Amino acid sequence: MLADRAELGAVLDPELAGPLAGPVNAFVGKVREVTAELRTNGTNIAIGSAKLNLRIKKTSELAGKQSKLASDIFESSNQVSAAVDLAARNADAINASTASHLEAVENSYRELLDVTDRVNRISEKVGGFAATVAELKDNSVQVRDIGALINDISDQTNLLALNAAIEAARAGEAGRGFAVVADEVRKLAEKVKNATGVISDNSRRIIELVSSTGDETARIVTDSAHAKEVVGKSATNFASLVDALRGMGNQLNEITASIHSVHEINAGVHSRVGEINDLSGQVSTQMEESERYSDELRGHTERVVDLGVRFRIAGSNVDNMLEAARQFRDEIETYLTGVAGRGVDIFDTRHEPVPGTNPQKYKTSYDQIVEQGLQDIYERMVQQVQGVAFCGAFDLKGYLPAFLKKLSAPMTGDYQRDLLSSRHKRIFDDMTGKRAIANQGYALFQTYVRDTGEVLCDMSMPVRVNGRHWGVFRVGFPPDILLRK
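Note that the sequence shown ends on residue 537 in our numbering; no numbers are left out.
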């Protein structure tokens, strides 16, 4: 910050100062040389400090991102560890369950083999029973046929007995005894006939029952054969299932072993990730401290530069730039005071965003009114003062209502192009801009790296309208202006 500036170009007249003139003039000359050297060294330090500050800020941002990523990785590693732990427990449970199920299935398989054997024996017995039923049917048919034969013999005997009785009757008394015998034979034949009738009926019933039994037995044999086939296939399928379960059990054992191996490896990785996370946090903290120290260094270098320009060296580029900036600043104050006198609210801070602009632009109630007048002043300064890269008046929020013509091009939609060539009506609230706005002294020198990557010196002076702080007038120029003698 600059207050009253002492002139180092004046010399004492020997005739007026007498013997003191020589030593004083020599001392002033030496101070002038030291001041010039101070300006040069201070500027070089400021340039290096600005570049260092930018690098540290970017590194700090990267360190912050790295710390965030490390924290996210650590959190993800926590989740992975939990998932691996759960997977290991589940694998153990599945392995144990599979082993238990395999044992149960093997027991069921053995029982199924026993059932298969029983079904085979039953099928064999049913086959033998069917043969027995068939034989029984044949025997019953034979009994029926024999009964029919006996019945025929009985009928013939009865007929013979009847004929004998008739002949005995014809013989009279001589055939009486024969007639009695014939009658008994006839009665016996009738009894035999009745008995054979019962035998025939029973045989027919037995044959019907045996036939029905044979049919049922045939169906049983068929069903038994089908059951035997089904049980056989089931046993075969069960054997395949048991083999598959055994194979799956072996695979699960391998998987479980692999999961436990992954669990151990992940535990080591998680530990390393934890160390990385801790180190990233430490790096981020140290970078934040470095950024703070860099800001302090920047402030110190600015004060060194400030010391160098507190003394005025006639004809130097720095002093010429300061004087030119003061003159144009005064012209801006006069212009804004005149606009305010017409009833325009130049202190309007309601910055309304302009839709569809990127970088974002804003408008106020006065920006279009003052745009041409301010731009004309800026253009004259750039034309008249050698080395000026930009100049502009910013309000207390960093709003730039007007700028140089070459930097006030219409928006194209190309961000990088608009960032460089359409800078008017934007708000510049970076640290350099805030420090310039906060300055209430004569002038403030800053060295910084612009968002375009260009290293510039920024000289700012407060702008007041009717005694009220409106904003700041900033002039940007390359650092070599300060280095030129």
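Glycine included, each C-beta is placed from N, C-alpha and C at the ideal position.
These figures come from a predicted structure and were not determined experimentally.
Could you give the DSSP three-state label for residue i: helix, strand or coil?
{"i": "L456", "result": "coil"}
{"i": "H437", "result": "Strictly speaking, residue 437 in this sequence is Val, with His absent from that position. Reduced to three states, the DSSP call for V437 is coil."}
{"i": "R394", "result": "coil"}
{"i": "H521", "result": "strand"}
{"i": "E404", "result": "strand"}
{"i": "G450", "result": "coil"}
{"i": "Y500", "result": "strand"}
{"i": "R526", "result": "strand"}
{"i": "R516", "result": "strand"}
{"i": "Y414", "result": "strand"}
{"i": "M463", "result": "coil"}
{"i": "D137", "result": "helix"}
{"i": "S368", "result": "coil"}
{"i": "F442", "result": "strand"}
{"i": "D532", "result": "helix"}
{"i": "D510", "result": "strand"}
What number of angstroms, rounded off, separates the C-alpha of residue i from the C-alpha of residue j?
{"i": "I384", "j": "D466", "result": "32 Å"}
{"i": "D532", "j": "P514", "result": "24 Å"}
{"i": "H403", "j": "Y418", "result": "11 Å"}
{"i": "K486", "j": "L388", "result": "21 Å"}
{"i": "L211", "j": "R238", "result": "8 Å"}
{"i": "L496", "j": "L472", "result": "25 Å"}
{"i": "V193", "j": "S286", "result": "42 Å"}
{"i": "Q379", "j": "S512", "result": "13 Å"}
{"i": "R196", "j": "E163", "result": "48 Å"}
{"i": "K415", "j": "A461", "result": "16 Å"}
{"i": "A376", "j": "V517", "result": "19 Å"}
{"i": "R28", "j": "A291", "result": "Outside the shown range of the chain, which is 53 to 537, sits residue 28, and nothing can be said about it."}
{"i": "H521", "j": "N329", "result": "48 Å"}
{"i": "A270", "j": "V167", "result": "22 Å"}
{"i": "F529", "j": "K120", "result": "38 Å"}
{"i": "D204", "j": "S252", "result": "12 Å"}
{"i": "Q436", "j": "Q420", "result": "25 Å"}
{"i": "S160", "j": "A279", "result": "18 Å"}
{"i": "G333", "j": "R141", "result": "33 Å"}
{"i": "D235", "j": "G249", "result": "21 Å"}
{"i": "E158", "j": "V294", "result": "7 Å"}
{"i": "N215", "j": "T209", "result": "10 Å"}
{"i": "G493", "j": "V501", "result": "23 Å"}
Taking the Cβ atom as the reference point for each residue, do residue i and residue j lie within a distance shorter than 9 Å?
{"i": "T499", "j": "D510", "result": "yes"}
{"i": "R381", "j": "G444", "result": "no"}
{"i": "F442", "j": "L459", "result": "yes"}
{"i": "I125", "j": "V325", "result": "yes"}
{"i": "V406", "j": "K477", "result": "yes"}
{"i": "D207", "j": "K245", "result": "yes"}
{"i": "T401", "j": "Y451", "result": "yes"}
{"i": "V273", "j": "S149", "result": "no"}
{"i": "V132", "j": "N318", "result": "yes"}
{"i": "A134", "j": "H312", "result": "no"}
{"i": "V524", "j": "A488", "result": "yes"}
{"i": "Q412", "j": "I479", "result": "yes"}
{"i": "T464", "j": "S474", "result": "yes"}
{"i": "V422", "j": "I398", "result": "yes"}
{"i": "G301", "j": "N147", "result": "yes"}
{"i": "L448", "j": "E431", "result": "no"}
{"i": "L426", "j": "A454", "result": "yes"}
{"i": "S276", "j": "G179", "result": "yes"}
Drop a sphere of 10 angstroms on the beta-carbon of residue i, count the other beta-carbons inside from all chains shown, and report buried for 16 or more, exposed for fewer.
{"i": "M433", "result": "buried"}
{"i": "R394", "result": "exposed"}
{"i": "K177", "result": "exposed"}
{"i": "T25", "result": "The question about residue 25 has no answer, for the chain in this structure spans 53 to 537."}
{"i": "I218", "result": "exposed"}
{"i": "R222", "result": "exposed"}
{"i": "S310", "result": "exposed"}
{"i": "L297", "result": "buried"}
{"i": "R173", "result": "exposed"}
{"i": "A183", "result": "exposed"}
{"i": "K82", "result": "Residue confidence is low: K82 scores 46 on pLDDT, short of 50, so the model does not pin down where it sits. Its coordinate-derived value is still stated next. When all chains shown are included, K82 counts as exposed."}
{"i": "D428", "result": "exposed"}
{"i": "T337", "result": "exposed"}
{"i": "V282", "result": "exposed"}
{"i": "V232", "result": "exposed"}
{"i": "L374", "result": "buried"}
{"i": "D169", "result": "exposed"}
{"i": "A145", "result": "exposed"}
Are any of the Cβ atoms in chain B nearer than 9 Å to that of residue i?
{"i": "T209", "result": "Chain labels in this structure do not include chain B; a single protein chain is all it has."}
Checklist entry - Is there contact between the region 255-265 and the region 140-159, where contact requires at least three CB pairs shorter than 8 Å? => result Put simply, the region 255-265 does not touch the region 140-159. Fewer than three CB pairs are less than 8 Å apart.
Next on the checklist: Tell me whether the region 317-331 and the region 125-142 touch, counting them as touching only if at least three CB pairs, one residue from each stretch, are closer than 8 Å.
Outcome noted: A contact exists between the region 317-331 and the region 125-142.
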